[in-house]
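A.B. asks: Handing you this structure, nothing more for now.
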Amino acid sequence: MTVAMNDLDSINPATREFLQATHHNYINGHWHPAASGKTLAVQDPATGETVAHVADSDAADVNVAVAAARQAFESHSWRTMKPALRERLLHRLADLMEANTAVLAELESIDNGKSAAIAGAVDIACAIDCVRFMAGMPSKLNGSTLKPSAPFLPDTELFAWANHVPIGVVGAIIPWNFPTLLFCWKLAPALAAGCSIVIKPAEETPLTALFMAQLIEEAGFPAGIVNVITGYGHTAGAAISSHPGIDKVTFTGSTEVGRLILQAATGNLKKVTLELGGKSPAIVMPDADLDIAIPGAASGIFFNHGQVCTAGSRLYVHRSIFDKVVDGVADIARNMKVGPGLDPTTELGPLVSRTQQERVCAYIAAGMEGGAEILAGGTIPDSSGFFVNPTVFVNTSHDMSIVREEIFGPVLVAMPFDDIEEVVGQANDTRFGLAASIWSRDISLVHKLAPRLRAGTVWVNCHNVIDAALPFGGFKESGWGRENGMDAVKAFTETQTTVIAL
Ligand code: ADP
């Protein structure tokens with residue numbers, strides 16, 4: 177099958193204008209090329225062609241950005257601004273994002289490969305929602321009053337309070353799978369807490385972060401509060417995670433890089449939040465409503481081409497309905513419209529890069545060599561883009577790499593189970609613990625099963641439902657800490673206790 181090319185003639189004039197512009201880092205309210213003068217090429221994954229160049233920053237640029245963020249933080253231009261005014265600025269940013277949804281969605285599509293239509297409806301909509309949710313927080317970030325006893329001061333009356341004060345300068349390192357959404361997951365709570373921030377998007381997908389920087393400038397945030405620098409992980413990213421001037425680093429990406437970031441953070445013992453990999457189980461019980469469970473399991477793995485840390489990549493189906501469910505999912509996989517992201521009929525776009533395509537294909541080959549059987553996909557279409565057809569494996573076992581490792585592509589492994597004990601053991605037989613889903617109409621069973629799953633989020637009769645109000649993060653090697661909800665804002669604060677001897 178041959179896949180059509182992306183039609184760049186059809187994009188919004190504003191998207192084209194942005195692509196054709198020269199792209200620099202946004203530091204201290206100004207646009208600067210990398211100090212080295214180097215740039216890196218940005219590819220359209222649907223064609224493999226270069227669509228833009230951005231700054232290839234290194235430690236020198238990170239130093240300048242961190243100094244700007246530190247000065248802005250210490251200047252009180254943001255952290256002591258009245259909460260209502262900070263909220264207004266965040267809402268202004270959300271308004272600008274809303275007005276520019278089509279451009280953000282197209283840039284996301286051209287940068288990452290995903291469908292522009294889905295990016296607009298999901299990624300950008302959720303990103304705006306996150307900014308609005310966090311915009312409500314500055315006025316609600318209350319501390320508590322405390323009544324200490326201090327038995328060694330019998331004659332002194334004491335009064336105390338504990339406050340959440342901004343942690344300081346934040347370094348944010350984000351991946352390529354949801355560039356705008358994860359930019360906002362880091363930016364919005366950090367700003368709501370009163371911090372300044374240096375953000376580095378992934379080298380594969382820097383465009384929407386730079387477009388967001390334009391909107392941040394237009395919204396009128398004080399200079400230096402938000403700094404966006406582009407570059408590679410081993411240079412710019414490593415400089416952020418080891419920088420002594422950064423108080424907290426927040427990272428989303430692979431477990432392997434999460435470990436490197438943690439090690440780099442030990443120098444000044446900066447606080448760390450990590451959202452890492454997953455190998456999430458979807459469990460279909462014999463009583464499940466299969467009209468919901470079959471398409472739900474398919475979208476659980478194939479949404480965003482499987483490049484989702486919570487992807488339901490291991491499907492466990494009760495043996496009594498195994499063939500029906502797995503045939504149904506394989507049928508959906510076979511009929512998915514694979515195509516370029518700018519085609520509104522596309523259901524599954526290319527993977528983000530040639531490297532990612534090769535990585536996913538290597539897993540598929542390993543699965544086949546190990547004796548697993550392919551029910552759908554397992555191939556790549558005829559295209560210069562980085563496509564992989566949606567793939568469903570059966571006859572797999574828990575010692576195979578396709579069952580154990582995060583593939584981060586449209587590859588599902590399906591396995592039958594006979595009873596609850598067996599499926600709980602299998603679902604938890606992983607070093608990851610990010611998410612899980614249960615498909616069942618039995619409310620008692622769901623209540624008993626959900627807490628036995630070692631996962632940060634358990635979905636019931638749905639998968640991949642994320643929201644700014646819902647704490648999100650992993651057990652085990654899936655990470656440290658939680659994003660979203662009020663907890664996410666508190667994660668960008670230190671608790672400060674003040675004690676008064678009256
Ligand atoms: P993936 O494996 O999904 O490509 P990575 O975890 O490699 O994701 O990358 C996620 C982010 O981490 C990107 O912004 C990347 O540049 C950055 N990164 C990669 N290596 C390092 C590193 N050694 N130190 C800091 N950041 C890194």
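Just so you know, we're using the numbering used here here: the sequence shown kicks off at 177 and counts up by one.
Built from N, CA and C at the ideal position, the CB exists for glycine as well.
1) So Lys624 is in the alpha helix (DSSP H); what residue range does that whole segment cover?
2) Can you check which of these residues, Thr356, Ile350 and Ser613, is closest to Ile468 by C-alpha distance?
3) Tell me, please, whether the stretch 253-263 touches the stretch 273-289 by the rule of three or more beta-carbon pairs shorter than 8 Å.
4) If we call anything under 7 Å between Cβ atoms a contact, is Lys424 one with Lys455?
5) Would you check if there are 3 or more beta carbon pairs closer than 8 Å linking the stretch 367-384 to the stretch 399-407?
6) If we count Cβ pairs, one from each stretch, closer than 8 Å, do we get three or more for the stretch 548-564 versus the stretch 577-590?
7) Got a sec? Which residues, its chain only, sit under 6 Å from Thr277 by beta carbon, not counting five neighbours each side?
8) With a cut-off of 8 Å on the beta carbons, I'd call Thr606 and Met591 a contact; round off their distance for me.
9) DSSP three-state call for Arg535: helix, strand or coil?
10) If you follow the beta strand (DSSP E) that Arg699 is in, where does it begin and where does it stop?
11) Find the nearest neighbour of Ala603 within the set Ile459, Pro314, Asn288 and His419, judged by alpha-carbon distance.
12) Taking C-alpha atoms, which residue in Arg530, Gly547, Tyr492 and Val634 lies nearest to Gly601?
13) Tell me, please, whether the stretch 460-479 touches the stretch 607-627 by the rule of three or more beta-carbon pairs shorter than 8 Å.
14) With a threshold of 8 Å, are at least 3 pairs of Cβ atoms found where one atom belongs to the stretch 414-423 and the other to the stretch 347-367?
15) Enumerate in chain order the residues of its own chain whose CB-to-CB distance from Gly443 is below 8 Å, with the five nearest sequence positions on each side excluded.
16) For Val636 and Leu272, what's the separation of their Cα atoms in angstroms?
17) Quick one: is the Cβ of Pro146 within less than 6 Å of any heavy atom of the ligand ADP?
18) Please give the ranges of any beta strand (DSSP E) in the stretch 536-566, keeping only runs that are unbroken, at least 3 residues long and fully inside the region.
19) Here's the rule: buried if 16 or more other CB atoms are within 10 angstroms of the residue's CB, otherwise exposed. What is Leu329?
20) Considering only C-alpha positions, which residue in the set Asn182, Trp361 and Ala236 is nearest to Asp663?
21) Buried or exposed: Glu545, going by 16 or more other Cβ atoms within 10 Å of its Cβ?
22) Helix, strand or coil for Val348? Go by DSSP, reduced to three states.
C.D. replies: By the coordinates alone:
1) DSSP places Lys624 inside the alpha helix (DSSP H), whose first and last residues are Ile619 to Leu625.
2) Answer by Cα proximity: Ser613.
3) With the cut-off at 8 Å, the stretch 253-263 and the stretch 273-289 do not touch.
4) For Lys424 and Lys455, no; Cβs fall outside 7 Å.
5) The stretch 399-407 and the stretch 367-384 touch, with three or more beta-carbon pairs separated by less than 8 Å.
6) The stretch 548-564 and the stretch 577-590 touch, with no fewer than 3 CB-CB distances between them shorter than 8 Å.
7) A distance below 6 Å between beta-carbons, with the five flanking residues on each side excluded, links Thr277 to the following residues of its chain, in chain order: Gly296 and Ile300.
8) Contact between Thr606 and Met591 is ruled out by a C-beta separation of about 13 Å, above the 8 Å threshold.
9) Here DSSP, grouped into helix, strand and coil, assigns Arg535 to helix.
10) Nothing about residue 699 can be reported from this structure: the residues present for the chain run from 177 to 678 only.
11) Minimum Cα distance to Ala603 is reached at Ile459.
12) When Arg530, Gly547, Tyr492 and Val634 are compared, the shortest CA-CA separation from Gly601 is found for Tyr492.
13) Yes, the stretch 460-479 is in contact with the stretch 607-627.
14) Under the three-pair Cβ rule at 8 Å, the stretch 414-423 counts as touching the stretch 347-367.
15) Taken in chain order, the residues that qualify are Ser418 and Pro420.
16) When rounded, the separation of the alpha-carbon atoms in Val636 and Leu272 is 35 Å.
17) The structure shown does not extend to residue 146, since the chain is modelled only from 177 to 678, so the question has no answer here.
18) 549-552, all fully within the stretch 536-566.
19) Leu329 comes out exposed.
20) Per the Cα distances, Trp361.
21) Looking at its Cβ environment, which holds fewer than 16 other Cβ atoms inside 10 Å, Glu545 is exposed.
22) The amino acid at residue 348 is misidentified as Val; the sequence shows Ala. In the three-state reduction of the DSSP assignment, Ala348 falls in the strand class, which pools E and B.
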